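Per our numbering, the sequence shown starts with residue 21, numbered consecutively.
Here a beta-carbon is modelled for each residue, glycine too, at the ideal position from N, C-alpha and C.
Bear in mind the structure is a predicted one, so any value in this text is a computation, not a measurement.
Structure record follows, encoded as structure tokens.
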Amino acid sequence: MALVTISLSKSAPKNSELLFVPVSAAQSAGAGGKSRSAQGWSSFEPSSRAVLKDLDDAHDAYILDGIKHFEYSPTPGSKVSINLGEPSSFIRLCAVSSIKDSDALDGEEWRRVGGDAWKAASDHRAAKIAVILDALPEEHRPSAAEAIVEGINLAAYSFGSYKSSNGAAKTQRKTFVLCASGLNSKRTAKAVSTAELRAASTVFARDLVNTPPSDLQPKNLVAAARGIASRKGSGITQKTFNAAQLAKMGANALLAVSRGSDAPPFMTHLIYKPSRKSKRSRRIVLVGKGVTYDSGGLSIKTRNGLMTMKCDMAGAACVLGVMHAISRLPKADRPIHEVHAIVPTSENMINGKSVKPGDVVKAINGKSIEILNTDAEGRLLLADALSYSKRLKADFIVDAATLTGACIAALGEKFAGIFTDDEDLRDMLMSAAEDVGEKLWPLPLGSEYRSAIKSSIADIKNIGSGTAPGATTAALFLKEFAPEEARWAHLDIAGPAFVDSPNEYVPAGGTGFGVRTLLQFIEQL
Numbered sequence: 021m022a023l024v025t026i027s028l029s030k031s032a033p034k035n036s037e038l039l040f041v042p043v044s045a046a047q048s049a050g051a052g053g054k055s056r057s058a059q060g061w062s063s064f065e066p067s068s069r070a071v072l073k074d075l076d077d078a079h080d081a082y083i084l085d086g087i088k089h090f091e092y093s094p095t096p097g098s099k100v101s102i103n104l105g106e107p108s109s110f111i112r113l114c115a116v117s118s119i120k121d122s123d124a125l126d127g128e129e130w131r132r133v134g135g136d137a138w139k140a141a142s143d144h145r146a147a148k149i150a151v152i153l154d155a156l157p158e159e160h161r162p163s164a165a166e167a168i169v170e171g172i173n174l175a176a177y178s179f180g181s182y183k184s185s186n187g188a189a190k191t192q193r194k195t196f197v198l199c200a201s202g203l204n205s206k207r208t209a210k211a212v213s214t215a216e217l218r219a220a221s222t223v224f225a226r227d228l229v230n231t232p233p234s235d236l237q238p239k240n241l242v243a244a245a246r247g248i249a250s251r252k253g254s255g256i257t258q259k260t261f262n263a264a265q266l267a268k269m270g271a272n273a274l275l276a277v278s279r280g281s282d283a284p285p286f287m288t289h290l291i292y293k294p295s296r297k298s299k300r301s302r303r304i305v306l307v308g309k310g311v312t313y314d315s316g317g318l319s320i321k322t323r324n325g326l327m328t329m330k331c332d333m334a335g336a337a338c339v340l341g342v343m344h345a346i347s348r349l350p351k352a353d354r355p356i357h358e359v360h361a362i363v364p365t366s367e368n369m370i371n372g373k374s375v376k377p378g379d380v381v382k383a384i385n386g387k388s389i390e391i392l393n394t395d396a397e398g399r400l401l402l403a404d405a406l407s408y409s410k411r412l413k414a415d416f417i418v419d420a421a422t423l424t425g426a427c428i429a430a431l432g433e434k435f436a437g438i439f440t441d442d443e444d445l446r447d448m449l450m451s452a453a454e455d456v457g458e459k460l461w462p463l464p465l466g467s468e469y470r471s472a473i474k475s476s477i478a479d480i481k482n483i484g485s486g487t488a489p490g491a492t493t494a495a496l497f498l499k500e501f502a503p504e505e506a507r508w509a510h511l512d513i514a515g516p517a518f519v520d521s522p523n524e525y526v527p528a529g530g531t532g533f534g535v536r537t538l539l540q541f542i543e544q545l
């Protein structure tokens with residue numbers, strides 16, 4: 021894991037090895053009244069130009085010479101690095117949509133700017149980086165700084181725990197100084213601290229997802245939850261149920277999945293209760309699927325399908341990441357809402373005791389389930405966890421799970437599916453996701469497809485029939501176990517939880533998807 025230090029200053033330190041400057045283009049009226057970017061040096065909008073001229077005066081015109089040499093024009097997303105006359109001294113220009121009208125920029129664009137700042141620092145092996153924000157209107161600098169810091173910390177992530185000392189990349193501490201007048205304020209310092217914490221909790225989730233399944237069995241997931249609760253001053257307590265206790269409470273769906281594995285199952289429950297409440301205080305339950313390795317059971321997966329199945333506990337990592345953040349917030353900044361995280365966890369493996377297609381089990385709520393596909397195991401864990409949540413009398417329940425390949429087929433790896441009958445809850449979650457740069461897309465929870473999971477010998481079957489959409493029938497299955505009195509939403513995060521294609525601040529592998537969305541949802545509620 022790379023080491024990042026963030027500080028705030030009015031001006032760039034003299035020993036900076038890299039100057040990183042967000043800029044944008046001037047706009048001029050073109051033919052037909054349409055806006056077009058000017059060309060050459062005049063293509064920079066006035067505040068960007070003023071900042072660059074001041075820097076250029078201090079660096080013997082290397083910046084303007086470099087802009088001319090590279091024929092650089094600040095079209096959004098374009099970047100250029102210019103040497104400042106010393107072997108280890110550079111300036112990096114990163115063009116954004118608009119600096120003059122910072123309302124036009126969303127936090128996601130600034131997060132990507134932060135990701136590029138990290139990449140530039142790595143490319144130039146710079147340890148001391150000044151991020152110069154003087155071109156921004158002063159009122160927009162704190163929010164931009166927050167998003168940039170989040171982007172830097174998320175981009176700095178790497179999972180190298182299993183590399184030999186010879187093969188592991190050398191860790192270099194990098195110090196980023198965000199520079200502009202008005203930045204060194206309590207408001208900005210708090211925003212930056214929040215960004216660092218959200219990033220750290222996302223990284224916590226990424227580490228869980230990326231850990232090999234030999235080292236992340238159900239007991240290890242429970243231990244990760246224990247680490248959150250046992251931290252001094254966390255404000256969080258933990259209950260954990262072992263196989264015998266699960267049997268006593270009737271969690272037979274979860275136990276059925278675990279029968280094929282030598283690793284015992286658990287259900288762990290983290291509880292945060294606020295020290296202060298208001299009329300706005302609500303009880304929120306988060307449920308995360310924790311299948312630490314999914315072979316598919318007797319309905320075994322293909323060779324390619326098996327390769328990434330360590331990530332089938334990404335829903336659990338997501339909700340634990342949320343509790344990780346809450347436990348580390350200053351007490352005065354912790355949620356006014358009561359927050360619970362429930363993680364049912366098991367492996368889905370094969371032996372002589374494995375659950376068989378055709379078996380029938382009863383969940384905690386008494387509903388019988390005909391198991392026709394043992395690779396549709398995640399919904400069995402969630403059936404018992406959602407049934408268990410009824411005793412909590414929640415106002416809101418949100419579950420997160422890498423539930424279906426059908427959702428990946430529908431939405432790819434950029435979007436998670438959201439299923440709910442509650443339009444207001446859907447809008448709140450989608451708004452929270454948009455705020456933090458994650459993407460949710462509503463998919464149907466139509467009763468028209470309920471017949472596809474109707475069983476002839478049990479109350480319900482665990483796989484849809486016919487041409488019914490698989491992501492929808494899985495969500496409809498979960499709906500049978502979600503308490504009716506609670507406002508419930510299901511997030512199918514199968515696509516974005518583990519990706520092959522990185523972006524500026526999301527690496528390949530485990531992404532920690534959903535942690536920041538749910539934190540934002542709780543904060544805004």
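Nearest in C-alpha terms to LEU306, of all of HIS160, LEU203, ALA283 and VAL418, is VAL418.
CA-to-CA, the gap between TYR182 and VAL519 works out to about 20 angstroms. For PHE40, the uninterrupted beta strand (DSSP E) run begins and ends at 38–43, by DSSP.
The shortest C-alpha to C-alpha distance from ALA164 to any of ILE119, HIS144 and ARG145 is the one to ILE119. Rounded to whole angstroms, SER471 and ALA175 show a C-alpha spacing of 45 angstroms. The continuous beta strand (DSSP E) containing HIS510 extends over residues 507–512.
Taken in chain order, the complete alpha helix (DSSP H) segments of 4 or more residues contained in the segment 207–288 are 238–250, 263–269 and 272–278.
Within 10 angstroms of the beta-carbon of SER184 lie fewer than 16 other beta-carbons, which makes it exposed.
Within the same chain, and ignoring the five residues on either side of MET450 in sequence, the residues whose Cβ sits closer than 6 angstroms to its Cβ are LEU460.
If you draw a straight line from the Cα of LEU28 to the Cα of ALA421, it comes to about 38 angstroms. Here DSSP, grouped into helix, strand and coil, assigns LEU113 to strand. Rounded to the nearest whole angstrom, the C-alpha separation of ARG251 and SER298 is 26 angstroms.
For GLU128, the enclosing alpha helix (DSSP H) covers residues 127–143. In this structure, CYS114 sits away from ILE152, with a CB-CB distance that is not shorter than 7 angstroms. Here ASN230 is buried: its Cβ has 16 or more other Cβ atoms, across all protein chains shown, within 10 Å.
Linking GLU358 to ARG303 through their CA atoms gives a straight-line distance of about 5 angstroms.
Distance check between SER301 and each of GLU543, GLU458, GLN47 and LEU290 places GLU543 closest, using alpha-carbon atoms only.
Beta-carbon to beta-carbon, THR260 and VAL242 are separated by about 6 angstroms, close enough to satisfy the 8 angstroms threshold.
Between LEU274 and LEU401 a beta carbon distance of about 5 angstroms is seen, short of the 8 angstroms cut, so the two are scored as contacting. Across the set ALA146, ASN482, ALA337 and ASN368, the C-alpha of ASN368 shows the shortest separation from the C-alpha of PRO285.
Here ARG193 really is in contact with THR25; their C-beta atoms are around 6 angstroms apart, less than 8 angstroms.
LYS99 is bridged by DSSP to CYS114. Counting the other CB atoms within 10 Å of its CB gives ASP80 a total below 16, which places it among the exposed residues. For ALA78, the closest alpha carbon among the candidates ALA209, LEU104 and ASP442 is that of LEU104.
For the pair of segments examined, the segment 386–406 was found to touch the segment 315–335: the number of CB pairs separated by less than 8 angstroms reaches three.
With fewer than 16 other Cβ atoms inside 10 Å of its own Cβ, ARG296 counts as exposed.
Exclusion of the five residues before and after LYS434 leaves LYS459, GLY515 and PRO516 as the residues of its chain whose Cβ lies within less than 8 angstroms of its Cβ.
The residue from ALA414, ALA502, ASP314 and ASP444 with its alpha-carbon nearest to that of LYS387 is ALA502. Within the model, the alpha-carbon separation for ASN272 versus ARG132 is close to 45 angstroms. Going by C-alpha positions, ALA32 is about 33 angstroms away from LEU539. Counting C-beta atoms within 10 angstroms of its own C-beta, HIS89 has fewer than 16 neighbours from the protein chains shown and is therefore classed as exposed. With fewer than 16 other beta carbons inside 10 angstroms of its own, GLU91 counts as exposed. Spanning the alpha carbons of TYR82 and SER36 requires a straight line of approximately 16 angstroms.
Your pair LEU318 and SER374 checks out as a contact, with CB atoms roughly 6 angstroms apart and the cut at 8 angstroms.
The straight-line gap separating the alpha-carbon atoms of ALA244 and CYS331 is approximately 16 angstroms.
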